[in-house]
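Engineer: Would you mind keeping the following structure in view while I ask a few things?
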Amino acid sequence: MGALAMMKQDGVAAQPHPTAAPRLRVEEVSLRYRTPDGGVFSALDKVSFEVPDQQFAVIVGPSGCGKSSLLYLTAGLAEPSDGAIFVGGQKVEGPGADRGMVFQSYTLFPWLTVRENIEFGLKRRGMPAAERKDIVEYYLNEVGLKAFAENYPKQLSGGMMQRVAIARALANDPQILLMDEPFGALDSQTRLQMQQLLLRVWEHSKKTVVFVTHDIDEAILLGDRVYVMGARPGRIKQILDVPIDRPRNLDVVMEPEFIRMKRQILGLLHDDLHEAH
Ligand SMILES: Nc1ncnc2c1ncn2[C@@H]1O[C@H](COP(=O)(O)OP(=O)(O)O)[C@@H](O)[C@H]1O
Ligand SMILES: [Mg+2]
Numbered sequence: 005m006g007a008l009a010m011m012k013q014d015g016v017a018a019q020p021h022p023t024a025a026p027r028l029r030v031e032e033v034s035l036r037y038r039t040p041d042g043g044v045f046s047a048l049d050k051v052s053f054e055v056p057d058q059q060f061a062v063i064v065g066p067s068g069c070g071k072s073s074l075l076y077l078t079a080g081l082a083e084p085s086d087g088a089i090f091v092g093g094q095k096v097e098g099p100g101a102d103r104g105m106v107f108q109s110y111t112l113f114p115w116l117t118v119r120e121n122i123e124f125g126l127k128r129r130g131m132p133a134a135e136r137k138d139i140v141e142y143y144l145n146e147v148g149l150k151a152f153a154e155n156y157p158k159q160l161s162g163g164m165m166q167r168v169a170i171a172r173a174l175a176n177d178p179q180i181l182l183m184d185e186p187f188g189a190l191d192s193q194t195r196l197q198m199q200q201l202l203l204r205v206w207e208h209s210k211k212t213v214v215f216v217t218h219d220i221d222e223a224i225l226l227g228d229r230v231y232v233m234g235a236r237p238g239r240i241k242q243i244l245d246v247p248i249d250r251p252r253n254l255d256v257v258m259e260p261e262f263i264r265m266k267r268q269i270l271g272l273l274h275d276d277l278h279e280a281h
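The sequence shown maps to residues 5 to 281 in the working numbering.
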């Protein structure tokens, strides 16, 4: 477990500290698209927020409010029209291994086995084989795929593929994990299993996460804080702390705090629907 101990040490910089910069800072970010008729569409309008270290942040909002755009900008796959994004105090100027991504669509390398997919980034970084092995074993175990290590993605179910994607992202020990509706394509039963798994894996890793969803239950179940977005133009309407202790399990959906918060978020999203019409 030498490599793992080291990996945890790498995380020392990630310890909460009163003077430390937030893990993610989005500063007055606007994103405009040109429309075919020569006009301008404002996808994000002066969005500002911070995500502290080791926080599980969930962004919830209606379809088209700019959630994916915000993640793409943070990943460095697109550039804001105005404003800037900082990860660990560094301005985002392109893609980088310091930001792990898990998308809704399956993004595994089909020609690599489960093990090789998880190992991919570590190998590319030139990590010695013994160290890589420790880390890969650890994450295979975390996501319950030890028995499938030598399988290829096409031999896996959708839920299993997403478990590999999560393991692959975490194995790289990114500063921040960006997840764009990662369970959106799964059936509801698998989705619940995946939420449970992510809760447990996150308890162990305490990575800073930005998780995008339009599912309110998922947002409250997973998040420390919920960032509610509105559309036209895309903006943050409200930031709410989730007053539910961890560790959590799927039963929390029955708790009064959960229901109260769900009602509050529904209200915020409904306001937006009315404004739009
Ligand atoms: N490349 C693009 N060109 C023009 N408009 C786009 C482009 N990408 C996204 N949009 C628009 O920007 C808005 C925000 O999109 P997106 O970030 O995908 O929203 P969400 O993920 O919240 O559903 C949507 O109205 C979408 O149609
Ligand atoms: Mg989206």
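Beta carbons are placed, not taken as given, at the ideal position from N, Cα and C, and that holds for glycine.
Nothing here was measured: the structure is a model prediction, and the numbers come from that model.
If contacts are defined as beta-carbon pairs under 8 Å, then F107 and D184 qualify, I think. What distance do you get, rounded to the angstrom?
Structural biologist: 5 Å
Engineer: Going residue by residue through the stretch 97 to 134, where are the continuous beta strand (DSSP E) segments of at least 3 residues, counting only ones entirely within it?
Structural biologist: Complete beta strand (DSSP E) runs here, min 3: 103 to 106.
Engineer: Considering only DSSP beta bridges, list what M233 is partnered with.
Structural biologist: DSSP output for M233 lists I240 as bridge partner(s).
Engineer: Following the continuous beta strand (DSSP E) through A88, name the residue where it begins and the one where it ends.
Structural biologist: D86 to V91
Engineer: Is S72 near ligand 2, in the sense that its beta carbon is under 7 Å from a heavy atom of that ligand?
Structural biologist: yes
Engineer: Throw me the rounded Cβ distance for the L48 and G238 pair, which I believe falls under 8 Å.
Structural biologist: 4 Å
Engineer: Assuming L126 and A61 are in contact, meaning their beta carbons sit under 8 Å apart, how far apart are those beta carbons, in whole angstroms?
Structural biologist: So it is not a contact: roughly 26 Å between Cβ atoms.
Engineer: Compute the distance between the beta-carbons of P178 and M165, then report whether it is under 8 Å.
Structural biologist: no
Engineer: With distances taken from CA atoms, which of Y143, R236, V168 and D219 is nearest H208?
Structural biologist: Closest option to H208, Cα to Cα, is Y143.
Engineer: Only counting runs of 3 or more residues, tell me where the beta strand (DSSP E) segments fall wholly within the stretch 157 to 230, in order along the chain.
Structural biologist: 180 to 184 and 212 to 217
Engineer: Report yes if the CB atom of V232 is closer than 8 Å to the CB atom of S72, and no otherwise.
Structural biologist: no
Engineer: Mind checking whether P56 and R27 have CB atoms under 8 Å apart?
Structural biologist: yes
Engineer: In whole angstroms, what separates the C-alpha of S85 from that of V147?
Structural biologist: 38 Å
Engineer: Could you check if V91 is buried or exposed, using at least 16 other CB atoms within 10 Å of its CB as the buried criterion?
Structural biologist: buried
Engineer: Work out the CA separation of R172 and D102 for me, nearest whole Å.
Structural biologist: Spanning the two alpha carbons is a distance of roughly 13 Å.
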